[in-house]
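Below is one structure, written out as structure tokens, with a few remarks after it.
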Amino acid sequence: MKRTVRGSMLMLIAAFCTSVPGSAAKSDVIDDVQSRVVKIFGAGGLAGLQAYGTGFLCSADGHIVTAFSHVLDTDTVTVVLSDGRRLYAKVLGTDVDRDVAVLKVEADGLPYFDLSKAVPAGPGTRVLAFSNMFKVAAGNEPVTVQRGVISAKSNLTARRGRFEAPYRGPVYVVDAVTNNPGSAGGVLTTLDGRLIAILGRELKNSQSQTWLNYAVPIGEIAESVASIQSGEFRPRDRFATNLDAAGGCTPLELGIVLVPDVVARTPAYIDDVLPESQAARAGLAAEDLVVFVNSDLVGSIASLEGILRRTSPGDDVQFTVRRGDDLVSVTLRIPEPSAALQ
Amino acid sequence: MIASTSFQRRATAWAAVLLTLSAASAVAVEPEVLEAQSRRIAVIERVSPTVVAIFAQGGQGGGSGVTVSADGFVVTNFHVVEGQGPFMKCGLNDGRLYDAVLVGIDPTGDVAVIRLLGRDDFPAATLADSDTVRVGDGAYAMGNPFLLATDFQPTVTYGMVSGVRRYQFPAGTLLEYTDCIQVDTSINPGNSGGPLFNEDGELIGINGRISVEKRGRVNVGAGYAISINQVRNFFDNLKSGRIVDHATLGAVVSTNSDGSVTVSRILEQSEAYRRGLQVGDELVMFGGRTVDTANQFKNILGIYPAGWKLPLTYRRKGQEQQIIVRLRRLHRAAELELRGQDSPPPRPRRGPGPDAPPEEKQPESPLPEAPKDVAPPEAPESSGVPAAYADLYEARPRFANYWFNRAAQERLLSALKTWGFDGIQEPLQVSGRLDARTTIEFRLADQAIAVKIGDRTNGQQLDKDLEDLPPATGGLLPAMHALRGMLTRGAEAFSDTYYLGSEPLDGTGERVDVLMTHRGETLCRWYFDQSTGGCVGMDFALGEDQDECELRFGPLASFGSRQFPETISMRHAGTDLGVMKVSGVEAGRPANAAAAPAPMQ
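Top to bottom, those sequences are chains A and B.
The opening position of the first sequence corresponds to residue 36 in this note's numbering, with each subsequent residue numbered one higher.
The opening position of the second sequence corresponds to residue 5 in this note's numbering, with each subsequent residue numbered one higher.
Written as structure tokens, this is what we have:
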């Protein structure tokens, strides 16, 4: 009896919802969104890096959108669905520019968000944020839901070396503390559960020591996600599973001699530069550490080789190296196969 | 980076305030919004008088609490009262400062009960059923964050329930939050121990913990409240003045890859093992809830005090079995003692790890002579306790404040005095029929005890250890001996007597008050109806970890000038032993026994 009364009260609140932007969210809306959100467990757990994250389903057969992060940097990424099912996920591809990755689990008939139906929002919009922050939820427990208001839509103009930010472009800024450890990849929705944006990472302004809670509009990532999902996206980084073995070039073909690749993640230090080579002409030198090729993070010699393999002859690639305390960028052109070692 | 300064995280804490302001100043506000706002204001006005600002002796630090009874019992966090001594000062929103005394603590569950003194008509919060709390519900946190409330008007923050039945691992301490309510309501240092109310102003939890990581010890959108249903389970135990313990089943369970939860280890001394639970058995239900994950099992276990009986359903080879098991203590008494009041440790600076309880703010100057314009007019002073209250605290090992236990013992023991056996020194004979067919007669004297059931007689001298007589009853005869001791000599008949708190009788029945007695190895639990105060039964055990002889008393009947239960039903190790219908209770030497009642042949 009591339950019925409570139920009808909820219905009343729900009725207000449509007309009153200030009313509480319906719990069935929350349940519905939570069924589409997944917990992701992978690499991390050291040095303050969390080994967990959040993602959301974007297809009935198990495609999952999440943030591009170190959590995916492992052979075994585990995804826990809202019903508690624990599945291994394959990283289909990542777009580091959009800071987004697409995973795939073997399942079908799953509830999902249709990215094409995501809605735009403006300042003042009341929102709900769903994420596995602080790994509070385990197993089949629903993820955390928070409420807030979009305080601004703005461009995140951070750039490397000044304000570190993993993403440049339009973001929604939220007044609630939505971006916590593990939140990245979660969803921001309207009070009636329509998808607005994907939650970003923790972001701190190192000068003002303030934290920014932002989310990336779905429109900014939809294209990347669709092309990764359809297999048309050109994978450009080490997390990709379908490496293109043919083509590209080796560091040596550019005139770069790397230190011996002795451990699993040997940093890509330049040991020597061949005289008269492209690398020498561009000014690369011994003891430079290759940190980026284009916008792809170079974590190891293996990843550098992988990135170069996936280039095409004639491509201009930008090498960013760390030399002392400076970052130096040079552009090299991938040689034709016959033109190696000029 | 965008104009970052305007997004100071601090702004979040003021969001609720700003919302209210903007609503008030808007030109055309929809009537529903105004209605919702006035509802909120009404709820806050109604519950504010129950919110307590707790100050440590000397005014260093403090926290919050909530009054739950008119006679002044206040629930707060253990970590608020930890190391503060037995007396403290509390402010209510009437602007007055009250003395308060520590009553009981639960170091594992981070709950403490204190009692406000000086009135018997304190405004009390209404308790909700926290099992009905749902994600998305609104939730008010009230209390004294950052010790801002110098006039004791509680700070109110409003948010949403972000998760229910959360399990929070112990963060390097005993402290474990099970089955707790997660909110995005802003909870900060000083909110600890304060109430979490639902939108109707009913108490759903006690705020006690926040997730913190790299952003400092302030709200980051994840606060945790101990569910009020857990507090309800522990409340009488806390009112007993004891240092109460949480429970363990005596079994370790794990979640398997197929999603089932099975027993991976089990303690052979546990009642669960004696009732048949084995390694490999799959847990199905526990405490009336389904068990889907190991976390869920811990969630259920964590809301019950040690010693409670709970129904447990397990599955073995497709067959389900339901058993009722008494939960064991989680800690040894000494482990909890270290956290208790008798050896107050320096207030621990918990590490910066996640999920530490919010640290209370320390005023810049701990000196009592703070500048007048900073200190509240009735600032708590380090002065002592009013003499009138000094005797409300009684130190004793294993107790937070023995005074409250003594009071409860006296209340319960007086109920047994009404049976009319107090002071009788002669032997006692209790006779009747067992299940209508068999005669049964107990002879209970100072030197020896005996029972005759049908033609079979068992007995023993009392100068040696008590035995399980008749065999396989758990000690029916020594149980009746204990009953005689209790009726004629009260607590004097035992080496240790204390009030335990309350529990549901036999795991699923009505809540009963429990009095514990020990003598030698043997122990007794005496059960008292909470509404009538009458004694409704007793469990006797020959020793720790042994199956009890469970006696349940029917209504009292008159036997001459005295009263005695007209029926006693007996049970042992999950098996009924029968019901005794009492036909005679006599004190004095039996007519047919010439000598002292030595064991009959």
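We put the CB at the ideal spot given by N, CA and C, even for glycine.
If you're wondering where the values come from, they're calculated on a predicted model, not measured in any experiment.
- Between residue 544/B and residue 486/B, the beta carbon gap of about 6 Å places them in contact (Cβ cut-off 8 Å).
- For the options 202/B, 138/B, 425/B and 122/B, the alpha carbon positioned closest to that of residue 489/B is the one of 425/B.
- In the DSSP assignment, residue 574/B falls within the unbroken beta strand (DSSP E) covering 571-576.
- As summarised for the region 248-325 of chain B, the continuous beta strand (DSSP E) elements at least 3 residues long and confined to that stretch are 255-259, 265-270, 286-290 and 313-320, given in chain order.
- Residue state for residue 260/A is assigned as helix, using DSSP reduced to three classes.
- Counting only runs of 3+ residues, the beta strand (DSSP E) found wholly inside the region 189-214 of chain B occupies 199-201 and 207-214, in chain order.
- The C-beta separation of residue 200/A from residue 223/A comes to about 18 Å, leaving the pair out of contact by the 8 Å criterion.
- With a cut-off of 8 Å on Cβ pairs, the region 257-267 of chain A is not in contact with the region 113-126 of chain A, counting fewer than three such pairs.
- By DSSP's assignment, residue 186/B forms a beta bridge with 167/B and 228/B.
- Residue 496/B sits in a helix when the DSSP states are folded into three classes.
- DSSP places residue 93/B inside the beta strand (DSSP E), whose first and last residues are 91-95.
- At a Cβ-Cβ threshold of 7 Å, residue 249/B and residue 310/B count as neighbours.
- Taken in chain order, the members of the region 266-300 of chain B whose beta-carbon sits within less than 8 Å of a beta-carbon on chain A are 296, 297, 299 and 300.
- Annotated as distal: residue 143/B and residue 106/B, with beta-carbon spacing of 7 Å or more.
- Counting only the Cα atoms, residue 140/A lies some 44 Å from residue 511/B.
- For the 7 Å CB-CB criterion, residue 263/B and residue 231/B do not form a contact.
- Of all C-beta pairs linking the region 30-49 of chain B to the region 66-78 of chain B, fewer than three are shorter than 8 Å, placing the two stretches out of contact.
- Classified as exposed, residue 100/B has fewer than 16 neighbouring CB atoms from the shown chains inside 10 Å of its CB.
- Here the C-alpha atom of residue 206/B lies approximately 19 Å from the C-alpha atom of residue 81/B.
- Under the three-state reduction of DSSP, residue 252/A is assigned to strand.
- Rounded to whole angstroms, the separation of the alpha carbons of residue 164/A and residue 234/A is 8 Å.
- The beta carbon of residue 65/A falls within 7 Å of a beta carbon belonging to chain B, placing the residue at that interface.
- Residues 192 of the same chain have their beta carbon placed closer than 6 Å to that of residue 222/B, with the five preceding and five following residues left out of the count.
- In chain order, 139 and 167 make up the part of chain B whose C-beta sits under 7 Å from the C-beta of residue 177/A.
- For residue 101/A, the number of other beta carbons within 10 angstroms of its own is at least 16, and it is reported as buried.
- The residues 53 and 54, in chain order, have a CB closer than 6 Å to that of residue 127/B in the same chain once the five nearest residues on each side in sequence are set aside.
- For residue 76/A, no chain B residue has a Cβ inside 9 Å of its Cβ, as the nearest lies near 14 Å away.
- Just so you know, the alpha carbons of residue 422/B and residue 523/B end up roughly 23 Å apart.
- Between the region 174-186 of chain A and the region 151-159 of chain A there are three or more inter-stretch CB-CB distances shorter than 8 Å, so the stretches are counted as touching.
- Rounded to the nearest angstrom, the Cβ distance from residue 477/B to residue 553/B is 5 Å, consistent with a contact under 8 Å.
- DSSP places residue 136/B in the helix class (H, G or I) of the three-state scheme.
- The three-state reading of DSSP puts residue 121/A in strand, counting E and B together.
- Under the 7 Å criterion on CB atoms, residue 226/B is classed as interfacial with respect to chain A.
- Looking at the backbone, the Cα of residue 327/B and that of residue 317/B are separated by about 6 Å.
- Fewer than three beta-carbon pairs drawn from the region 168-182 of chain A and the region 132-148 of chain A are found closer than 8 Å, and the two stretches are therefore not classed as touching.
- Put simply, the backbone Cα of residue 298/A is about 26 Å away from that of residue 353/A.
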